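Residue numbers (the working numbering), protein chains in the order written: chain V, 1 to 312; chain S, 1 to 100.
Every residue gets a Cβ at the ideal spot worked out from N, C-alpha and C, and that includes glycine.
Note that the structure is a prediction, hence the values are computed from the model and not measured.
The block underneath contains the structure these notes are about, expressed in structure tokens.
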């Protein structure tokens, strides 16, 4: 197992044992800022090497997947989970949207195995973040509501993750591989170290969700584990059909299989306040995130490998 | 001698509401406000400011009776059901009544 995962375990154990270990919130913000910029920059540098025209049709497909995923999750939650409309819509938004931390662990996983991935994946990350949130709000509210969309779109599109990812992509693209060289020691060389510290804090946060999980019980845990697999399969098949490499297919599966815990909670809290925030956070952070980094990513990698072997 | 007694409203709520709340306060007639980060525990569980989704803010406003009433009513009607929020009022004396 990749050593960064052990830092998550360390945080989880420390949190469950009620250690006083805690990173200051400002440090957590810095770490997530570094991760977002690094992922953006990497993608931007790679995009600068390849022609953009070929990427556009793929981008359209990925965007469409972002809109469709929550529509697939919502009825499942309503029918089988017996969740209320607001809660089901909020959960659907979380699972349709993506987790940057899971993506980062996926990148580290591929790096460990020397598997290359396609340059457009960070762009796909940006594209998948937003649509599910919009669909989730519509599922909860309906089309005719007098939702304050201006304010909400501002919240969604100018949220820090989108700004930093798009900003990193743009800077990496403009600067190109040579221009970015002086920045490499901070953003690229330190990536694993930053990720390790970030996962330590994620472990602590996940531990704080464990209490809520005890109250919500098995249904939530079951959904948190069973939902990512078919969602990831959608991404894997789409990536394979689009002709992505094994690494790219894996990461697209990681993206569709992951659940948001930053952008979606913030937006849903404002747009659908009657949805219980601890329900979706517990599922995405307490169950799905750990599941994905321990078991999910290796499974998605085998899915991608199998598809490519079978399809030639 | 001018009347120097005012109301101090203290609101403790989810950090995510900060921007929206501050705009609302000014619209309702507050001339200013002070925001501090906060953490604590209540019937919505421990809010320990460990990260953005679990952090609280404490917003303080010094204002006259009318504005205080308006703020309390507005917050009760719009936020109490769905958000972690408490509000309490106290009497204070100010040195420069013309400011509030």
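Flag residue i as yes if its beta-carbon sits less than 8 angstroms from any beta-carbon of chain V, otherwise no.
| i | result |
| --- | --- |
| residue 55 of chain S | yes |
| residue 71 of chain S | no |
| residue 92 of chain S | no |
For a contact meaning CB atoms closer than 9 angstroms, what does residue i contact in chain V?
| i | result |
| --- | --- |
| residue 83 of chain S | 269, 273 |
Which residues in chain V sit within 7 angstroms of residue i, going by Cβ to Cβ distance?
| i | result |
| --- | --- |
| residue 11 of chain S | Result: empty, since nearest Cβ-Cβ is about 16 angstroms, beyond 7 angstroms. |
What residues from chain V crowd round residue i, counting only those whose CB sits closer than 8 angstroms?
| i | result |
| --- | --- |
| residue 86 of chain S | Here the premise fails: no neighbours, minimum Cβ distance about 16 angstroms. |
Is the shortest distance between the beta-carbon of residue i and the beta-carbons of chain S less than 8 angstroms?
| i | result |
| --- | --- |
| residue 17 of chain V | no |
| residue 242 of chain V | no |
| residue 140 of chain V | no |
Examine the ligand FMN and report whether any of its heavy atoms sits within less than 7 angstroms of the Cβ of residue i.
| i | result |
| --- | --- |
| residue 46 of chain V | The ligand FMN is absent from the structure shown, which contains no ligands of any kind. |
Of the residues that make up the segment 266-281 of chain V, which ones have a beta carbon closer than 8 angstroms to any beta carbon in chain S?
266, 269, 270, 273, 274, 277, 278, 281
Ordered list of alpha helix (DSSP H) runs contained in the segment 34-90 of chain V, each at least 4 residues
55-79
Contact between the segment 146-160 of chain V and the segment 247-266 of chain V is defined here as three or more beta-carbon pairs at a separation below 8 angstroms; is this criterion met?
yes
Below 8 angstroms, how does it come out for the segment 3-16 of chain S and the segment 126-139 of chain V: are there three or more Cβ pairs, yes or no?
no
Segment contact, 8 angstroms Cβ cut-off, at least three pairs: the segment 87-98 of chain V with the segment 12-29 of chain V:
no
Three Cβ pairs or more, each shorter than 8 angstroms: is that satisfied between the segment 165-174 of chain V and the segment 36-54 of chain V?
yes
Under 8 angstroms: do the segment 274-291 of chain V and the segment 232-243 of chain V share three or more Cβ pairs, one atom per stretch?
no
Please specify which runs of the alpha helix (DSSP H), each continuous and at least 4 residues long, are wholly inside the segment 238-298 of chain V, giving them in chain order.
246-257, 263-271, 277-281
Length-filtered (4 minimum) alpha helix (DSSP H) runs lying within the segment 140-220 of chain V:
149-157, 160-179, 191-216
Completely contained alpha helix (DSSP H) runs for the segment 9-78 of chain S, where each covers 4 or more residues:
18-27, 65-78
Any contact of the segment 242-262 of chain V with the segment 113-121 of chain V, i.e. 3+ C-beta pairs under 8 angstroms?
yes
Given 8 angstroms, three or more beta-carbon pairs between the segment 272-281 of chain V and the segment 80-94 of chain V
yes
Decide if the segment 128-143 of chain V is in contact with the segment 197-216 of chain V; the criterion is three or more beta carbon pairs, one per stretch, under 8 angstroms apart.
no
Check whether the segment 19-28 of chain V touches the segment 50-66 of chain V, taking contact to mean three or more Cβ pairs, one atom from each stretch, closer than 8 angstroms.
no
Between the segment 59-73 of chain V and the segment 188-204 of chain V, can you find at least three pairs of beta-carbon atoms closer than 8 angstroms?
no
Would you say the segment 3-10 of chain V touches the segment 288-305 of chain V, given that touching needs at least three Cβ pairs under 8 angstroms?
yes
The segment 30-40 of chain S contacting the segment 54-70 of chain S, beta-carbon criterion three pairs below 8 angstroms:
yes
Spell out a yes or no on whether the segment 63-83 of chain S and the segment 14-30 of chain S are touching, meaning 3 or more CB-CB pairs, one atom from each, closer than 8 angstroms.
yes
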